[in-house]
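Q: Positions 1 to 283 (full-length UniProt numbering) are the ones given, in order, by the sequence shown.
Below are the structure tokens for one structure; questions will follow.
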Amino acid sequence: MKKYPVKVLGFGDNVVDKYTHIHTMYPGGNCVNFAVYSSMIGVERSAYMGYFGNDSEAEHVIQTLEKIPIEIYKCSQLNGENGCAKVSIENGERIFMGSNLGGIRGKTEFELDRFDLQYIAGFDLVHSGNYSFMERQIPKIQNLGVPVSFDFSDCSTESYKKEMCAVVDYAFLSCGGRSLKEAEEETRALVSYGAKLAVATRGSEPCVAYDGKSFYYQEPKKIENVRDTMGAGDSFITAFLVHYISDKKAGQANVGKALDMASQFAAQICLLEGAFGYGKKYQ
């Protein structure tokens, strides 16, 4: 049963996260995670749109999305490597060991045509991010009047934030290891650049949101037996957006409520291996 009358599209990156210490790969990527988490929460429609490679890594992601199922019929498959990131766990800490920068997806520019745009116009929200290589396509989506959310992660330059906030509605970034005051300043800046609402997560510390008028804060939910924090940030973003957009459609938008629901869902995701499970051994 679908609990939320919201139609969402993840537009951009997909990868496999290879856990080198156990030789297991998990499907992931910010935009794929967004689509999958939206489906788990119970939206009316959840889709992913982007480029896949044609290797075994790509097949694992495709087959997983078909199994869940996530709508992927507007994707394309290219001749080359799928996006791949390598990760290890040392003393309980996740260590990022590098990536192939999106594989073939990072070398092939995506171009939305009129039929793609007709398809996208049927969604309530499109989510993308700074690892998606979709920057030139975002203004086309904005021109449709479809709200856009964007994840700046923790490595975007100030000029990049200014450029993208001019064409997105909801901006997210990671401020792990930074003070609450710094996170407040970051969200205030994103809104000044054009975003309607900005949210900064801070790992195990309280997050902050800013809507141009007020700041909102949320403590992370405490949870025992954490298995993997790989999807914590993406699941938080997804749950926040689903609840906020759903309530907004009903004329009852509530930032504080959305933050609380996001914190609860992110805690649940930390009980899974990888971003959302579906691990597969590799050689």
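Backbone N, C-alpha and C fix where the C-beta goes; we use that ideal spot for every residue, glycine too.
(1) M49 by DSSP, collapsed to three states: which one?
(2) In whole angstroms, what separates the C-alpha of V16 from that of I95?
(3) Just the Cα atoms here: how many angstroms apart are A121 and H21?
(4) If you run the structure through DSSP and keep just helix, strand and coil, what is V168?
(5) How about K67 and E44: are their beta carbons less than 7 Å apart?
(6) Is the separation between the beta-carbon of I62 and that of S46 shorter than 7 Å?
(7) Within 10 Å of its beta-carbon, does P5 have 16 or more other beta-carbons around it, so buried, or fewer, so exposed?
(8) Spatial neighbours of A58 within its chain, please: CB distance less than 6 Å, with the 5 preceding and 5 following residues excluded, ordered by chain position.
(9) With a CB to CB cut of under 7 Å and the five nearest residues on each side skipped, what residues in its chain are close to S39?
(10) Go ahead and pull the three-state DSSP assignment for R94.
(11) Taking only the alpha-carbon atoms, compute the straight-line gap between V167 and G279 and give it to the nearest angstrom.
(12) Can you give me the Cβ contacts of E93 inside the same chain, cut-off strictly under 7 Å, excluding the 5 residues immediately before and after it?
(13) Leaving aside the five residues before and after G256 along the sequence, list all residues of the same chain whose C-beta is less than 7 Å from its C-beta, in chain order.
(14) When you compare only the Cα positions, how much space is there between Y19 and I138?
(15) Hey, would you say C31 sits closer than 7 Å to D55, going by beta carbons?
(16) Identify the residues that DSSP records as bridge partners of A195: which are they?
(17) Over what stretch of residues does the alpha helix (DSSP H) that includes D260 continue unbroken?
(18) Can you check whether the CB of Y210 is closer than 7 Å to the CB of A198?
(19) Start and end of the beta strand (DSSP E) containing S128?
(20) Excluding sequence positions up to five away, which residues of its chain have a Cβ less than 7 Å from the Cβ of T229?
(21) On the criterion of 16 or more Cβ atoms from any shown chain inside 10 Å, does T157 qualify as buried, or is it exposed?
(22) Could you name the residues that DSSP lists as bridge partners for R188?
(23) Beta-carbon within less than 6 Å of G28's beta-carbon, same chain only, minus the 5 sequence neighbours each way: which residues are those?
(24) Extract the residue ranges of the beta strand (DSSP E) inside the segment 58-119, only unbroken runs of 3 or more that lie entirely within it.
(25) To which residues of the same chain is D154 closer than 8 Å at the C-beta, ignoring the five residues directly before and after it?
(26) Beta strand (DSSP E) containing residue 291: first to last residue?
(27) Just checking my contact of L144 with L241 at CB under 8 Å: how many whole Å lie between their CB atoms?
A: For this structure:
(1) strand
(2) 15 Å
(3) 43 Å
(4) coil
(5) no
(6) no
(7) exposed
(8) F52, N82
(9) S46, I68, I70
(10) strand
(11) 36 Å
(12) none
(13) Y216
(14) 32 Å
(15) no
(16) Answer is none; A195 lacks a bridge partner.
(17) 255-269
(18) yes
(19) 125-129
(20) R94, C270
(21) exposed
(22) In DSSP, R188 forms no bridge with anything.
(23) V15, D17, A275
(24) 84-90, 93-99
(25) L173, S174, C175, G176
(26) In the structure displayed, the chain extends from 1 to 283; residue 291 sits before or after that span and is not available.
(27) The Cβ separation is near 18 Å, so there is no contact.
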